[in-house]
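What the sequence shown shows, in this note's numbering, is residues 7 to 118, in sequence order. The beta-carbon is built from N, C-alpha and C at its ideal position, and this holds for glycine as well. From a predicted model like this one, the values you see are computed outputs, not experimental measurements.
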Amino acid sequence: MKNEKGFTLIEMLIVLGIMGILITLTLPLYNNTVKKAQTEGCEANKHTIRAQMEIYYLENDNNYPTTVTTLHTEKYLKSDPKCPGGGTYTLETTVDGAPEVKCSEHDPAPSP
Numbered sequence: 007m008k009n010e011k012g013f014t015l016i017e018m019l020i021v022l023g024i025m026g027i028l029i030t031l032t033l034p035l036y037n038n039t040v041k042k043a044q045t046e047g048c049e050a051n052k053h054t055i056r057a058q059m060e061i062y063y064l065e066n067d068n069n070y071p072t073t074v075t076t077l078h079t080e081k082y083l084k085s086d087p088k089c090p091g092g093g094t095y096t097l098e099t100t101v102d103g104a105p106e107v108k109c110s111e112h113d114p115a116p117s118p
């Protein structure tokens, strides 16, 4: 017999099986981490929008902007903020008349 170096088919299949099991076990953890990062990024964006809304309010005769795009066009934001999860930001009026920043992806829809 020759002294050949290499892996047998069985060894390769075992390694591929182990890799498949590891991928199956870690994929849900990865997905949860991605979702958490997107949610935290969205919250950071909403915080920035809220802060700029207050500056807009003070500089515009105690009037809040009607849309998030207004903050961009009036140069309070460098660009229209984009949710990392793909949602869009809207302003909804609260009971006291102040707008609240909502994300179509991360904030629950109002009950009918």
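Under the Cβ criterion (8 Å, minimum of three pairs), the region 34 to 49 does not count as touching the region 58 to 67. Between His112 and Gly92, the C-beta spacing is not below 8 Å. The beta carbons of Asn51 and Pro105 sit about 15 Å from each other, so the pair does not count as a contact at 8 Å. Less than 8 Å divides the Cβ of Leu77 from the Cβ of Ile55. In the three-state DSSP reduction, Thr99 falls in the strand class (E or B).
In this chain, Glu111 is not harboured by any alpha helix (DSSP H), its DSSP state being neither H nor E. Less than 8 Å divides the Cβ of Tyr95 from the Cβ of Cys89. With a threshold of 16 other beta carbon atoms within 10 Å, Pro71 meets it and is buried.
Residue Thr99 holds the alpha-carbon nearest to the alpha-carbon of Asn69 among Thr99, His53 and Lys42. Between the C-alpha atoms of Lys42 and Thr30 there is a straight-line separation of about 20 Å.
Burial check for Val40: the Cβ neighbour count within 10 Å stays below 16, so the residue is exposed.
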